[in-house]
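S.K.:
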Amino acid sequence: MIKPDAVENGHIGAILEKITAAGFRIVALKKTQLTQRDAEAFYSVHSERPFFGELVAFMTRGPIVAAILEKENAVNDFRTLIGATNPAEAAEGTIRKLYATSMGENAVHGSDSDENAAIESAFHFSEREIF
Ligand code: GDP
140 MIKPDAVENG
150 HIGAILEKIT
160 AAGFRIVALK
170 KTQLTQRDAE
180 AFYSVHSERP
190 FFGELVAFMT
200 RGPIVAAILE
210 KENAVNDFRT
220 LIGATNPAEA
230 AEGTIRKLYA
240 TSMGENAVHG
250 SDSDENAAIE
260 SAFHFSEREI
270 F
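The opening residue of the sequence shown carries number 140 in the numbering used here; numbering runs sequentially from there.
Structure representation (structure tokens):
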């Protein structure tokens, strides 16, 4: 996902360009907005964390761009491309270093395993939106 901060700040095009330049194929893509229920479900693993309310409020405050990406070693390579959760700790040239503003408002989400990537793909897209 390209998160609401990066959409608000006009970075959709630049972020997609970095993703395709890094060798990912866009298999599915859409602009949409998460409801409170969507965000609570998507981030349910974090429901006991102190920042959960803040995270849900942020993720629902404006549109996001959801994508399914394909590449060899996609999960690891995408996490390398986006950089550390906290942009202050993200490596030079990473998407979060370039476009994130804070630990919470960090521009992009990437799946942390192939299993979660499949779950998150099904969360956002129906079969006929995947090519
Ligand atoms: P990620 O896999 O790098 O996205 O990081 P995590 O899975 O640990 O956290 C999920 C998301 O929760 C992060 O991308 C942030 O948007 C948010 N988050 C994590 N830690 C904090 C925090 O301390 N404060 C706030 N407000 N949000 C946080």
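Glycine included, each C-beta is placed from N, C-alpha and C at the ideal position. For clarity, every value in this text was computed on a predicted model and none was experimentally measured.
At a cut-off of 7 angstroms, would you count residue 194 as near the ligand GDP, judging by its Cβ distance to the nearest heavy atom?
M.R.: It does: the Cβ of residue 194 is within 7 angstroms (strictly closer) of some heavy atom of the ligand GDP.
S.K.: Closest by CA to residue 217, which one among 242, 205, 234?
M.R.: Cα-wise, what sits closest to residue 217 is 234.
S.K.: So residue 165 and residue 206 are in contact, right, with Cβ under 8 angstroms, and what is the actual spacing, rounded?
M.R.: Their Cβ separation, rounded to whole angstroms, is 6 angstroms, which keeps residue 165 and residue 206 in contact under 8 angstroms.
S.K.: Should residue 158 be labelled buried (16 or more other beta-carbon atoms within 10 Å of its own) or exposed?
M.R.: By the 10 Å Cβ count, residue 158 comes out buried.
S.K.: Return the first residue and the last residue of the beta strand (DSSP E) that residue 204 is part of.
M.R.: Residue 204 -> beta strand (DSSP E) spans 203-209.
S.K.: With hydrogens ignored, establish whether the beta-carbon of residue 251 is closer than 7 angstroms to any heavy atom of the ligand GDP.
M.R.: Yes, the ligand GDP has a heavy atom inside 7 angstroms of this Cβ.
S.K.: For residue 223, tell me which candidate among 208, 180, 246 has the shortest Cα-Cα distance.
M.R.: Comparing Cα positions, the closest option is 246.
S.K.: Taking the beta strand (DSSP E) that residue 167 falls in, what are its first and last residues?
M.R.: Start and end: 164-171.
S.K.: Please say whether residue 163 and residue 210 have beta carbons closer to each other than 8 angstroms?
M.R.: Yes, these two residues count as a Cβ contact at 8 angstroms.
S.K.: For residue 269, which three-state DSSP category applies?
M.R.: Of the three classes helix, strand and coil, the one that applies to residue 269 here is coil, per DSSP.
S.K.: Tell me the residue span of the alpha helix (DSSP H) that contains residue 142.
M.R.: Segment: none, residue 142 is in no alpha helix (DSSP H) and carries neither H nor E.
S.K.: Determine the direct distance from the alpha carbon of residue 257 to that of residue 213, and round the result to whole angstroms.
M.R.: For residue 213 and residue 257, the distance between alpha carbons rounds to 12 angstroms.
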